[in-house]
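Residue numbers (this note's numbering): 505 to 1259.
Presented below is the structure to which this report refers.
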């Protein structure tokens, strides 16, 4: 009976197994994830394995550029669950799907995934709008599936700065056509651009002007602080009565007789061709921007994302996102863009607002579109972002100033403006000057070092990738400025008390071969000393004391010579700084050591010591270093004065400030050896007898002035105890002297007074 049950169980299991394998599952796609972007042209398509009735499962992959797979490429069935693509086209969207078969059954196609191939290489350094040495290293993210990279660098670019003639902050610009443009700014500034350049135009006001709009060459308006509204009639600007004191931030017209101005605290005004009148948009907070399509499609936006839309009869409010909106541009009722704080861009598709990555984190103060595939926004610290119809990306602006307004009249002409009078004009694609340099780099390179770039110039660079079947778009252009000249560091500008052989130093630059240094005693460098070095230091020598010097540096490489650096000035030392003994010191040893600060480049020092503050009785000593050790005992409890000057060749410093000190009252050996020798008569006329108490083989007899100058010396041999000898010192003249006896073991000093 047991065997019967076992047999039935086995049959049941086999039946269940057969039932479970009557279908094969559809593979689940894994990577790239659906709607992925930035994929390499050799992207690997990966999916999950499935099981079936047969032992071998084969997978069929289809790749297409049409979502209905009408143009699909079908790959040979494979047992693998991943297939690597080859030479996909850059910036194209691909759709892919997979089905499985076990030889008996075939699954359904998987739900298709899509991905976009990267449009261009991603440059990682140098940073956009940075300052670089003339040999900057360019780096980019490695990209597989490519064979070459093309790199371009030029001094010509899509955007070029123009001289505005103003240093005021410019807040907005409007280009009427390719020959006429207007810019407005702080302090009532109005600038007009004609074929001859930018020129200042009288506004008649001093209020900050924040926005400008023209209907045609004969009808323009500018608005600003304290309710200011100005009108241009084709000849001159004049004030219009706004009836408001609010700051007006934006202005927009659909015709000369239909316009709007908006501002702080919800201020909104409408112009009917004759007068301005207050209206309500439903927004009560600050309104920053306005744009429209016609009189039935007007949008305003501002603080905290408040938005209001006018449909020709009424205004309706909503919130975009809780973030200040600074600019707005409408292409169609279902294609509206706003620029906001912190680099945010928002897009309205007719139903919902969504955020778009701009490639920047700076406040985006204004936004402008030429068409659906070409848009720009500008913001803080020279930020310029570009929209190509699918994504935003940061591009070079050529300036680091804050930017506030941008406007185009056509695809080929436009301007942006900003702080300190910055005006930058659009010039087309760029990269077309005689300076243009092209490089072709074999993959898998990820860096390239430029060399010998022009000093002080803006350089713009971009790159693209290619393989046998396609070439990518050029990357967004980046810019950097090559240093104009070396930057001096020390001696600091206007430094004083500088040594005669001071070491000049400046910031080291790479990509240069030599530095030229000029040194002059006048700031015009009429007749300078010129030196050269390969290092970023140079030691001057042979300078004069107390002299003003001016110095500057330039550098060079095979591509050119830099401008001269900023001129620095320094003044050499003209006095010695004394250190020891301290001024007014007391109880100073009778064999003092004089010390002072060394002036580099000084050959020797002259020391004067005197008992008079006028140095009328000075004794002089030469020292080759910054100290002098006295060798003769000075008078105890005596005031002395001392000073020093430096000497180099025939040049010398002024005397240092003098110092004074008093020697110690102890008499050292003299008081301990009162019987060592005697002098008599003392006081006397200088004819004296010296009696020596102890016998010695040799005795040195020396006579010094009070300031240590030796004025007499002799040596006695085989001296017996009690030996006495007369010495004629009358030629010394009247004064106080010190007689010193030294037998090689000890010295004893006595005071001698000559009357």
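Virtual Cβ for every residue (Gly too), placed ideally from N, Cα, C.
Computed from a predicted model, the values in this text were never measured in an experiment.
With respect to the beta strand (DSSP E) encompassing residue i, which residues constitute its N-terminal and C-terminal limits?
i: residue 787; result: No beta strand (DSSP E) contains residue 787, which DSSP labels as neither H nor E.
i: residue 1229; result: 1227-1232
i: residue 1049; result: Unbroken run through residue 1049: none, as it is neither H nor E.
i: residue 768; result: Residue 768 -> no beta strand (DSSP E), and no H or E assigned at all.
i: residue 1145; result: 1143-1152
i: residue 833; result: 829-836
i: residue 850; result: 848-852
i: residue 810; result: 810-814
i: residue 1001; result: 999-1002
i: residue 1206; result: 1200-1209
i: residue 1125; result: 1123-1127
i: residue 690; result: First-last for residue 690: undefined, no H or E at that position.
i: residue 635; result: 634-636
i: residue 1094; result: Taken as a continuous stretch (DSSP letters only), residue 1094 belongs to no beta strand (DSSP E), as it is neither H nor E.
From the DSSP output, in three-state form, read off residue i for me.
i: residue 862; result: coil
i: residue 763; result: strand
i: residue 1164; result: strand
i: residue 1175; result: Because the pLDDT at residue 1175 is just 44, under 50, the model does not fix this residue reliably, and the value given afterwards should be weighed accordingly. Looking at residue 1175 - three-state DSSP - the assignment turns out to be helix.
i: residue 729; result: helix
i: residue 923; result: helix
i: residue 885; result: helix
i: residue 845; result: helix
i: residue 1235; result: helix
i: residue 932; result: strand
i: residue 696; result: strand
i: residue 643; result: strand
Do you know whose CA, among the options, lies nearest residue i's CA?
i: residue 595; options: 830, 977 and 1125; result: 977
i: residue 649; options: 1075, 948 and 1126; result: 948
i: residue 658; options: 1069, 954, 1138 and 820; result: 954
i: residue 917; options: 1078, 1229, 683 and 696; result: 683
i: residue 729; options: 715, 736, 719 and 737; result: 715
i: residue 669; options: 923, 850 and 615; result: 923
i: residue 556; options: 1015, 604, 812 and 866; result: 604
i: residue 1091; options: 1233, 1049, 1157 and 1164; result: 1164
i: residue 1136; options: 740, 1213, 613 and 542; result: 1213
i: residue 888; options: 925, 874, 847 and 673; result: 847
i: residue 566; options: 613, 1239 and 1153; result: 613
i: residue 884; options: 872, 1057, 878 and 908; result: 908
i: residue 1052; options: 1075, 1032, 931 and 1042; result: 1075
i: residue 1038; options: 1048, 1058 and 1047; result: 1058
i: residue 731; options: 713, 647 and 721; result: 713
i: residue 1139; options: 1149, 1028, 1113 and 1161; result: 1113
In angstroms, rounded to a whole number, what distance separates the CA positions of residue i and residue j?
i: residue 704; j: residue 795; result: 27 Å
i: residue 608; j: residue 585; result: 19 Å
i: residue 627; j: residue 642; result: 8 Å
i: residue 988; j: residue 1067; result: 6 Å
i: residue 1019; j: residue 1065; result: 10 Å
i: residue 1192; j: residue 1185; result: 6 Å
i: residue 734; j: residue 927; result: 22 Å
i: residue 837; j: residue 753; result: 23 Å
i: residue 1232; j: residue 1218; result: 12 Å
i: residue 517; j: residue 582; result: Residue placement at residue 517 cannot be trusted, given a pLDDT of 36 that sits under 50; the coordinates are not used to answer.
i: residue 1110; j: residue 986; result: 51 Å
i: residue 1171; j: residue 1216; result: In this prediction, residue 1171 has a pLDDT of 47, which is less than 50 and means its spatial position is unreliable; nothing more can be read from the coordinates.
i: residue 779; j: residue 823; result: 31 Å
i: residue 640; j: residue 633; result: 13 Å
i: residue 775; j: residue 763; result: 5 Å
i: residue 831; j: residue 793; result: 5 Å
i: residue 1221; j: residue 1237; result: 28 Å
i: residue 1103; j: residue 1014; result: 34 Å
i: residue 679; j: residue 932; result: 16 Å
i: residue 671; j: residue 706; result: 16 Å
i: residue 920; j: residue 719; result: 19 Å
What does DSSP give as the partner residues of residue i in its beta bridges?
i: residue 1159; result: DSSP, once it has assigned bridges, lists no residue as partnering residue 1159.
i: residue 873; result: 879
i: residue 946; result: 652
i: residue 605; result: 562 and 610
i: residue 973; result: Partner(s): none; residue 973 has no beta bridge.
i: residue 1059; result: 1019
i: residue 1252; result: 1245
i: residue 589; result: Residue 589 pairs with nothing; no bridge assigned.
i: residue 956; result: Looking at the DSSP assignment, residue 956 forms no beta bridge with any residue, so it has no partner.
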